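J.: Here it is, the structure in full.
There are 2 protein chains.
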Amino acid sequence: MVAITTLPRNETGIETALGILKQRFGEKFQTGQAIREQHGHTTTWIENQMPDAVVFPHSTQEVAEIVKICAEHKVPVIPFGTGTSLEGHINAPAGGVSVDLSEMNKVLAVHAEDLQAVVQPGVTREDLNTHLRDKGLFFPIDPGANASLGGMTATRASGTNAVRYGTMKDNVIGLEVVMADGTVIRTAHRAKKSSAGYDLTRLLVGSEGTLGLITEITLRLQGIPEAISAARCSFPSVDAACRAAMMAIQYGLPVARMELLDADSVRAINNYSKLGLPEEPLLLLEFHGSEAGVAEQTEMFQAIAEEVGGKGYEAAASTEDRNRLWKARHDAYWAIQTLRPGTQALATDVCVPISRLAECVTAAQARLAELGLLGPIAGHVGDGNFHNALLVDMNDPEERAKADEFTGWLAELAVSMDGTCTGEHGIGQGKMPYLKRELGPATTYMAAIKRAMDPDNIMNPGKIVAL
Amino acid sequence: MVAITTLPRNETGIETALGILKQRFGEKFQTGQAIREQHGHTTTWIENQMPDAVVFPHSTQEVAEIVKICAEHKVPVIPFGTGTSLEGHINAPAGGVSVDLSEMNKVLAVHAEDLQAVVQPGVTREDLNTHLRDKGLFFPIDPGANASLGGMTATRASGTNAVRYGTMKDNVIGLEVVMADGTVIRTAHRAKKSSAGYDLTRLLVGSEGTLGLITEITLRLQGIPEAISAARCSFPSVDAACRAAMMAIQYGLPVARMELLDADSVRAINNYSKLGLPEEPLLLLEFHGSEAGVAEQTEMFQAIAEEVGGKGYEAAASTEDRNRLWKARHDAYWAIQTLRPGTQALATDVCVPISRLAECVTAAQARLAELGLLGPIAGHVGDGNFHNALLVDMNDPEERAKADEFTGWLAELAVSMDGTCTGEHGIGQGKMPYLKRELGPATTYMAAIKRAMDPDNIMNPGKIVAL
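Those protein sequences? They're chains L and Y, same order as listed.
Just so we're aligned, residue 1 is where the first sequence starts under the numbering used here, counting upward by one.
Just so we're aligned, residue 468 is where the second sequence starts under the numbering used here, counting upward by one.
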């Protein structure tokens, strides 16, 4: 198990800041045990390190006030969206104040003519899409969970649609951010492109709250395609499924979603969502475009799939069928946990060049078998990214050790294949040792940036880089 | 005229470093007046501030050695690609050493199966595309000039294809960079996406050599489309042409190129390239896709154009015609200068949300008329980005003052429309005052990053942010 360190606490500062915040924020300031625990809660294996208090600001001005108070007393500030991050991003290893942004949940503007929306960080992706529906627009990034857009920005999230629409880095146009001393900055305005100095937008996207606290996001939107069509196709092996994915990408097929589920994962979603799918490696696909374009894509993919032994290619007949299929995919994380009740799922997140994907997935499966671990695979294979959901009995130290061994081994394997230890979950606390292994001397410059922008190390300390 | 400052020179350090470099690099070290002048030469109005010496390294190791020597003696290091930048990026306001990367011009690897290439910084975009041709792949970013890929990365270049394929920020996967103390880092490996810590790749893209010197670039490639079709269409006004562009974007038409030339620009390219086009506002277009997809796009665009009064829609009948049209567009900068011989062209570079484009272009034309200036327009209007090429008699102080007034006024106008003073040329020396106006307090954090990564301010000093 990767050790999660506790950092030294500034007791005097915390006490003073809490006093001031309580007076200033009244009901919006909470210190109850349950609420604090909930704000350190993660959906993965990392232990809970709860904050000393939780504040619920309603405006950028209020966030700036909170940060100023905390800065003056050198108290950690930890942003909180929906708590769906997986690497301990919301933990408070040095205590401090959790800033829950869920009440900053307004869509501030929709610039339909520019395909842009401006949102507060607490707006979730589903909220935004509901808001946009009657405008013929949508926001494509879909990490599965109904995460907040602030959290998705802070972790550089992606998910099922990234193969066509990119990740948060490609879909954030500009940010308003409260910096470590409470200064409010804007990283960019609404031009589609800009060469105006250092790309602070991209530096803040994926910075996990360690450089500043995001209070407003300008997002790029997409027109709802004229036609959307989903399909599924089974394969004799994950190798064959990965090869089909690779060929589709190489062919330049603009597939919107291309998800792999291995046989274990299919079994899990069959049980959980009553689908009756053949329990073999499966690709789930979605095509976006004009009627003719979608038909063309579907036909091309089918030809590719057949070339590597794909069978049972089937288009989702209706919107209902399509939604049912994707709902099942989104529930896979929960479904997989039902395969072995009482265990905790630990999600890996490697991403490799697509030419190495089949090899990487196959090696992962073999290594799991060797270690006697159960770790079904679900993956955004069009991007070379896949997750094992390791089902671990947390009361069995030997099994936990094996799971750690596997996670470390897989991260090393991905890096040796020119890949990364994290395609989309981020570093948080859990992947700090792997980041060093992956980028070596570059992490020194990450630490230098952190020190320059947050000299007192109060912004979500103990994440990404240790100071 | 924006004042170009001269910075204090470290004479002793420069003398010592030059002595060491001369001994170490022999013939690859040059101090002749002509070669030094050429390395401070810009294609725009900014005065020449030549370096004290030019070195031509052949490897990352040699670049690191140069930087280490310069770091030890606190001597400026200015990277040089092809010298096609427009804002004084390659000037040496404090003297120092120009590092000419043109001899680091190898394509190190083509990973066709991953749609990636790894190149040295001196490879030009045309060289790369020639290298790729028989593999069915191409690199889409095309700023017009046959710039080096290192320079394009350093300035976050874009150009005619950006509307479909994005800018350098979207097409660089990872970098090898020599930092200010000579340390060599890699910002990312070859995974298509990653959430591994701060996005140093995107921070370095567009940093104009002020944070580090790029020695290797991993680029994203595209498959050569099955079908490419070009077209042109004239419009009764720039307003109508801009509205057609806006409608095409809003409709989600995946147009690959969509370029505006105003009547003056058309006149110029008619003269220069003997085209015989109607001397009215013109959109030049290119569509990429399958045969059916391209036909569909063409048809849709034609319908849009007709709706706003477009006429004379004409597809380029052959590859030859298509190349001739785009060659003329690429030569527009030179062609425009022939409209008023003896003048110097000063290029503006604002970019606004596309909903404000027609208004911005129309206001710019009116303001030019008011000031009695000639400034034909060529623009990447699918992105909301356009250039005036102001034709200025550099011996007429009053005209120069008017040109400065216009440039400042236009930058302010763009920012007031939620846009940027630079869509793709960068800040360099020329746009430093506008950057402050545009991003205000954010520039303080840019300066903090610069200080953290280059404490002695030796990496291309006097550009982007003043320290």
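Glycine included, every Cβ here is placed at the ideal spot set by N, Cα and C.
Being a predicted model, the structure only gives us computed values, none of them experimental.
So if I threshold CB-CB distances at 9 Å, which residues from the segment 579-595 of chain Y count as touching chain L?
T.: Cβ contacts with chain L come from 579, 580, 581, 582, 583.
J.: When you compare only the Cα positions, how much space is there between residue 59/L and residue 102/L?
T.: On the first sequence, position 59 is the one that residue 59/L refers to. On the first sequence, position 102 is the one that residue 102/L refers to. Using only the alpha carbons, I get a separation of about 11 Å.
J.: Where are the alpha helix (DSSP H) runs, 4 residues long or more, that stay fully inside the segment 346-417 of chain L, in chain order?
T.: Qualifying alpha helix (DSSP H) stretches, in chain order: 357-371, 397-416.
J.: Grab me the residues of residue 418/L's own chain with a C-beta within less than 8 Å of its C-beta, minus the 5 sequence neighbours each way, in chain order.
T.: The residue you call residue 418/L lines up with position 418 of the first sequence. Excluding residues within five positions, the ones whose Cβ falls inside 8 Å are 352, 353, 356.
J.: Nearest to residue 922/Y by alpha carbon, out of 897/Y, 572/Y, 538/Y?
T.: Translated into the one-based positions of the second sequence, residue 922/Y becomes position 455. Among 897/Y, 572/Y, 538/Y, the Cα nearest to that of residue 922/Y belongs to 538/Y.
J.: Could you name the residues of the same chain whose beta carbon sits closer than 8 Å to that of residue 578/Y, not counting the 5 residues immediately before and after it, in chain order?
T.: The sequence position of residue 578/Y within the second sequence is 111, counting from 1. Correct list, in chain order: 584, 585, 657.
J.: What runs of the alpha helix (DSSP H), each 4 residues or longer, lie entirely inside the segment 12-93 of chain L?
T.: Here the runs fully enclosed are 33-38, 60-72.
J.: Give me, in chain order, the residues of the same chain whose beta-carbon lies closer than 7 Å to that of residue 243/L; leave out the 5 immediate sequence neighbours on both sides.
T.: Working through the first sequence from its first residue, we reach residue 243/L at position 243. Cβ neighbours of residue 243/L beyond the five flanking positions: 308, 358.
J.: Pair every Cβ in the segment 264-276 of chain L with every Cβ in the segment 331-350 of chain L, then say whether three or more of these pairs are closer than 8 Å.
T.: Touching, yes, given that three or more Cβ pairs across the two stretches are closer than 8 Å.
J.: Between which two residues does the beta strand (DSSP E) containing residue 754/Y stretch?
T.: In the second sequence, counting from the first residue as 1, residue 754/Y sits at position 287. Residue 754/Y -> beta strand (DSSP E) spans 749-756.
J.: Give the straight-line distance between the Cα atoms of residue 610/Y and residue 851/Y, rounded to the nearest whole angstrom.
T.: Position 143 of the second sequence holds residue 610/Y. Position 384 of the second sequence holds residue 851/Y. Those two C-alpha atoms are separated by around 15 Å.
J.: What residue does the beta strand (DSSP E) around residue 732/Y start on, and which one ends it?
T.: Taking the second sequence and counting its residues from 1, one reaches residue 732/Y at position 265. Here residue 732/Y belongs to no beta strand (DSSP E); instead the alpha helix (DSSP H) covers 730-740.
J.: In chain order, what residues of the same chain have a beta carbon less than 6 Å from the beta carbon of residue 233/L, not counting five sequence neighbours either side?
T.: On the first sequence, residue 233/L is found 233 positions in, with the first residue counted as 1. The residues are 283, 305, 310, 313.
J.: Assuming contact is defined by CB atoms lying nearer than 8 Å, are residue 553/Y and residue 892/Y in contact in what I supplied?
T.: Indexing the second sequence from 1 puts residue 553/Y at position 86. Indexing the second sequence from 1 puts residue 892/Y at position 425. For residue 553/Y and residue 892/Y, yes; Cβs fall inside 8 Å.
J.: Does DSSP classify residue 511/L as helix, strand or coil?
T.: No answer is possible for residue 511/L: it lies beyond the span of chain L, which begins at 1 and ends at 467.
J.: With a cut-off of 8 Å on the beta carbons, I'd call residue 518/Y and residue 503/Y a contact; round off their distance for me.
T.: Translated into the one-based positions of the second sequence, residue 518/Y becomes position 51. Translated into the one-based positions of the second sequence, residue 503/Y becomes position 36. Right, the Cβ-Cβ distance comes to about 6 Å (below 8 Å), so this counts as a contact.
J.: Tell me, please, whether the CB atom of residue 352/L is closer than 8 Å to any CB atom in chain Y?
T.: By one-based count along the first sequence, residue 352/L stands at place 352. Cβ-Cβ to chain Y under 8 Å: yes for residue 352/L.
J.: Does residue 453/L come out as helix, strand or coil in the three-state DSSP assignment?
T.: As a first step, residue 453/L must be located in the first sequence, where it is residue number 453. Of the three classes helix, strand and coil, the one that applies to residue 453/L here is helix, per DSSP.
J.: Identify each residue in the segment 882-895 of chain Y for which the Cβ-Cβ distance to at least one residue of chain L is less than 8 Å, and report them in chain order.
T.: Residues passing the 8 Å Cβ filter: 882, 885, 886, 887, 888, 889, 890, 891, 892, 893, 894.
J.: Keeping to the same chain, check which residues put their C-beta closer than 8 Å to that of residue 171/L; ignore five residues upstream and five downstream.
T.: Along the first sequence, read from residue 1 onward, the residue named residue 171/L stands at position 171. If we look at residue 171/L and ignore the five residues flanking it on each side, its Cβ neighbours are 139, 140, 141, 165, 219, 220.
J.: According to DSSP, residue 118/L sits in a beta bridge with which residue or residues?
T.: To locate residue 118/L, count along the first sequence from 1; it is residue 118. Its beta-bridge partners are 109/L, 218/L.
J.: Is the CB-CB distance between residue 520/Y and residue 496/Y below 8 Å?
T.: Taking the second sequence and counting its residues from 1, the one referred to as residue 520/Y is at position 53. Taking the second sequence and counting its residues from 1, the one referred to as residue 496/Y is at position 29. Contact flag set, yes.
J.: When the Cα atoms are used, what is the spatial distance from residue 468/Y to residue 875/Y?
T.: Taking the first residue of the second sequence as 1, we reach residue 468/Y at position 1. Taking the first residue of the second sequence as 1, we reach residue 875/Y at position 408. Bear in mind that the predicted position of residue 468/Y carries a pLDDT of just 41, short of 50, making it too unreliable to give a figure here.
J.: For residue 636/Y, count neighbouring Cβ atoms within 10 angstroms of its own Cβ and tell me buried if that reaches 16, exposed if not.
T.: By one-based count along the second sequence, residue 636/Y stands at place 169. Answer is buried; the Cβ neighbour count reaches 16.
J.: Give the straight-line distance between the Cα atoms of residue 933/Y and residue 906/Y, rounded to the nearest whole angstrom.
T.: As a first step, residue 933/Y is located in the second sequence; it is residue number 466 there, counting from the start. As a first step, residue 906/Y is located in the second sequence; it is residue number 439 there, counting from the start. The alpha-carbon atoms of residue 933/Y and residue 906/Y are separated by roughly 14 Å.
J.: Leaving out five residues before and five after residue 737/Y in sequence, what residues of the same chain have Cβ atoms less than 8 Å from its Cβ?
T.: Numbered from 1 along the second sequence, position 270 holds the residue referred to as residue 737/Y. The answer, listed in chain order, is 743, 744, 746.
J.: Round the Cβ separation of residue 238/L and residue 382/L to the nearest angstrom and send it over; I've been treating them as touching at under 8 Å.
T.: Position 238 of the first sequence holds residue 238/L. Position 382 of the first sequence holds residue 382/L. With a Cβ gap of about 15 Å, residue 238/L and residue 382/L do not count as contacting.
J.: Please report whether the beta-carbon of residue 622/Y lies at a distance below 8 Å from any beta-carbon of chain L.
T.: By 1-based counting over the second sequence, the position of residue 622/Y is 155. Yes, contact with chain L.
J.: Could you check the C-alpha separation between residue 931/Y and residue 33/L for me, to the nearest Å?
T.: Within the second sequence, the letter at position 464 stands for residue 931/Y. Within the first sequence, the letter at position 33 stands for residue 33/L. Going by the C-alpha atoms only, they are around 49 Å apart.
J.: Identify, in the order they occur along the chain, each residue of the same chain with its Cβ nearer than 7 Å to the Cβ of residue 174/L, setting aside the five sequence neighbours on each side.
T.: Start at 1 with the first residue of the first sequence, and residue 174/L comes out as number 174. Excluding positions up to five away in sequence, the list reads 186, 187, 188, 189, 190, 201, 218.
J.: Is any beta-carbon of chain Y found at less than 8 Å from that of residue 459/L?
T.: Position 459 of the first sequence, counted from the start, is the residue given in the question as residue 459/L. False, the Cβ-Cβ gap to chain Y never drops below 8 Å.
J.: Can you tell me where the alpha helix (DSSP H) with residue 617/Y in it begins and where it stops?
T.: Taking the first residue of the second sequence as 1, we reach residue 617/Y at position 150. 616-621 is the span of the alpha helix (DSSP H), which, as asked, contains residue 617/Y.
J.: In terms of alpha-carbon separation, which member of 813/Y, 708/Y, 785/Y lies closest to residue 696/Y?
T.: To locate residue 696/Y, count along the second sequence from 1; it is residue 229. Residue 785/Y is the option with its Cα nearest to residue 696/Y.
J.: Please look up how many angstroms separate the CB atoms of residue 374/L and residue 346/L, rounded, as I've assumed it's under 8 Å.
T.: As a working note, residue 374/L is residue 374 in the first sequence. As a working note, residue 346/L is residue 346 in the first sequence. Actually they do not touch by this definition, with Cβ atoms about 11 Å apart.
J.: Quick check: the Cα distance between residue 149/L and residue 122/L, rounded to an integer number of angstroms?
T.: Residue 149/L sits at position 149 when you count from the first residue of the first sequence. Residue 122/L sits at position 122 when you count from the first residue of the first sequence. The alpha-carbon atoms of residue 149/L and residue 122/L are separated by roughly 7 Å.
J.: Find the nearest neighbour of residue 348/L within the set 91/L, 27/L, 413/L, 135/L, judged by alpha-carbon distance.
T.: Mapped onto the first sequence, residue 348/L falls at position 348. Per the Cα distances, 413/L.
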